[in-house]
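S.K.: Numbering (my numbering), first residue to last: 130 to 404.
(1) Please report the residue range of the alpha helix (DSSP H) in which residue 139 lies.
(2) Can you give me the C-alpha to C-alpha distance between residue 381 and residue 254, rounded to a whole angstrom?
(3) Do residue 100 and residue 291 have their C-beta atoms within less than 9 Å of each other?
(4) Taking the straight line between their C-alpha atoms, what separation do you get for residue 166 and residue 394?
(5) Using DSSP's beta-bridge definition, name the partner residues of residue 156.
(6) Are the region 257-264 and the region 366-384 touching by the rule of at least three beta carbon pairs closer than 8 Å?
(7) Please specify which runs of the alpha helix (DSSP H), each continuous and at least 4 residues long, are wholly inside the region 257-296, giving them in chain order.
(8) I need the straight-line Cα distance from residue 241 to residue 287, nearest angstrom please.
(9) Could you check if residue 202 is buried or exposed, using at least 16 other CB atoms within 10 Å of its CB as the buried criterion?
(10) With distances taken Cα to Cα, identify the nearest neighbour of residue 274 among 387, 319, 362, 170.
(11) Hey, residue 271 and residue 297 are a contact pair by Cβ (cut 8 Å); roughly how many whole angstroms apart?
(12) Classify residue 182 as buried or exposed, calling it buried when 16 or more other Cβ atoms lie within 10 Å of its own Cβ.
(13) Roughly how many angstroms separate the alpha carbons of residue 239 and residue 316, rounded to a whole number?
(14) Between residue 190 and the rest of its own chain, which residues show a CB-CB distance below 7 Å, the 5 nearest in sequence each way excluded?
(15) Taking C-alpha atoms, which residue in 300, 386, 227 lies nearest to residue 164?
(16) Is residue 360 helix, strand or coil when you go by DSSP?
(17) Can you look up residue 353 in the DSSP assignment and give me helix, strand or coil?
(18) Whose CA, out of 136, 157, 293, 135, lies closest to the CA of residue 145?
(19) Can you tell me which of the three DSSP states residue 377 falls into?
(20) Below 6 Å CB to CB, which residues in the same chain sit around residue 371 once its five sequence neighbours on both sides are set aside?
(21) By how many angstroms is the C-alpha of residue 284 removed from the C-alpha of residue 354?
This is the structure in structure tokens:
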């Protein structure tokens, strides 16, 4: 049996998303329901299967990464214990993103020739300085800390094993970021064009670079495999990355424009004739 797109859950969650953005409808348009449902929290069976498969792949990746302990000169007990968390985070984030991308492709295909021909907005208009700072701190600051531990201490296995999983997170983040900013406009009218712009900003929040800073806390609170004296530096690194991300999200929400009046679907009975 073919998958129903959008599902009933996606239609309902799309209406909730629109309601939170000031538009009250009973049934969103098919385009908006297809794009908004999964983003708003709908979890159709296909999505759950996708997440489960990706998580299994993440576990397999973590096991494979641990097998590097059998290389000459490597002691497994010195590798970062946070590797499993990193692989699971990457798997879940990529599963969610792939489900969103799949829905967007379905929506674009359904539009066909009815799609508006509009240039996508420049990436600089989608992010603020706080967001960019969180990216720099998470990956640039993490790389600097890892390099310092590698060259200045004897804990080289810990340093490169942490840098490896942090690098994996950077690759996943970069792929999602590029996918968002390079995605063509998927809209058929002014209301769906406004939603498309909002979704770009929201999808960059999904990329959530600071998320890849906190797994290192596993080492700080459990195995303590980090070099002596580096616990305060690593903890401060996590706090700074997450704080910058939170401020960036708050600033982005404050600057989010209101959706214009237009056809977003079937209005609620009490709102008939209104926006």
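Think of the CB as a built atom: it goes at the ideal place given N, C-alpha and C, for glycine as much as any other residue. What you are looking at is a predicted structure, and each value in this text was computed from that prediction instead of being measured.
M.R.: Considering the structure as presented:
(1) As a first step, residue 139 is located in the chain shown; it is residue number 10 there, counting from the start. In this chain, the alpha helix (DSSP H) harbouring residue 139 covers 137-149.
(2) Locating residue 381 in the chain shown gives position 252, counting from the first residue. Locating residue 254 in the chain shown gives position 125, counting from the first residue. Spanning the alpha carbons of residue 381 and residue 254 requires a straight line of approximately 11 Å.
(3) No answer is possible for residue 100: the residues shown for the chain start at 130 and end at 404.
(4) Taking the first residue of the chain shown as position 1, residue 166 is located at position 37. Taking the first residue of the chain shown as position 1, residue 394 is located at position 265. Approximately 14 Å, taken between the alpha carbons.
(5) To locate residue 156, count along the chain shown from 1; it is residue 27. DSSP lists 395 as partners of residue 156.
(6) With contact defined as three or more Cβ pairs closer than 8 Å, the region 257-264 and the region 366-384 are in contact.
(7) As far as the region 257-296 is concerned, its whole alpha helix (DSSP H) runs of at least 4 residues are 258-264, 271-281.
(8) Taking the chain shown and counting its residues from 1, one reaches residue 241 at position 112. Taking the chain shown and counting its residues from 1, one reaches residue 287 at position 158. Between the alpha carbons of residue 241 and residue 287 lies a distance of about 51 Å.
(9) Against the chain shown, residue 202 aligns to sequence position 73. Exposed, since its Cβ has fewer than 16 Cβ neighbours within 10 Å.
(10) The residue labelled residue 274 in the question sits at position 145 within the chain shown. That would be 362, whose Cα lies nearest to the Cα of residue 274.
(11) In the chain shown, residue 271 corresponds to position 142, counting from 1. In the chain shown, residue 297 corresponds to position 168, counting from 1. So it is not a contact: roughly 12 Å between Cβ atoms.
(12) Working through the chain shown from its first residue, we reach residue 182 at position 53. Exposed, since its Cβ has fewer than 16 Cβ neighbours within 10 Å.
(13) Within the chain shown, the letter at position 110 stands for residue 239. Within the chain shown, the letter at position 187 stands for residue 316. Approximately 11 Å, taken between the alpha carbons.
(14) Position 61 of the chain shown, counted from the first residue, corresponds to residue 190. Cβ neighbours of residue 190 within its own chain (closer than 7 Å, five residues either side excluded): 216.
(15) Mapped onto the chain shown, residue 164 falls at position 35. Per the C-alpha coordinates, the member of 300, 386, 227 positioned closest to residue 164 is 227.
(16) Within the chain shown, residue 360 is the residue found at index 231, counting from 1. Note: residue 360 maps to helix in three-state DSSP.
(17) As a first step, residue 353 is located in the chain shown; it is residue number 224 there, counting from the start. Three-state DSSP puts residue 353 in coil, outside helix and strand.
(18) Here residue 145 refers to the residue found at position 16 of the chain shown. Among 136, 157, 293, 135, the Cα nearest to that of residue 145 belongs to 157.
(19) As a working mapping, residue 377 is identified with position 248 in the chain shown. Three-state DSSP puts residue 377 in a helix.
(20) By one-based count along the chain shown, residue 371 stands at place 242. Here the set comprises 339.
(21) By one-based count along the chain shown, residue 354 stands at place 225. By one-based count along the chain shown, residue 284 stands at place 155. About 9 Å.
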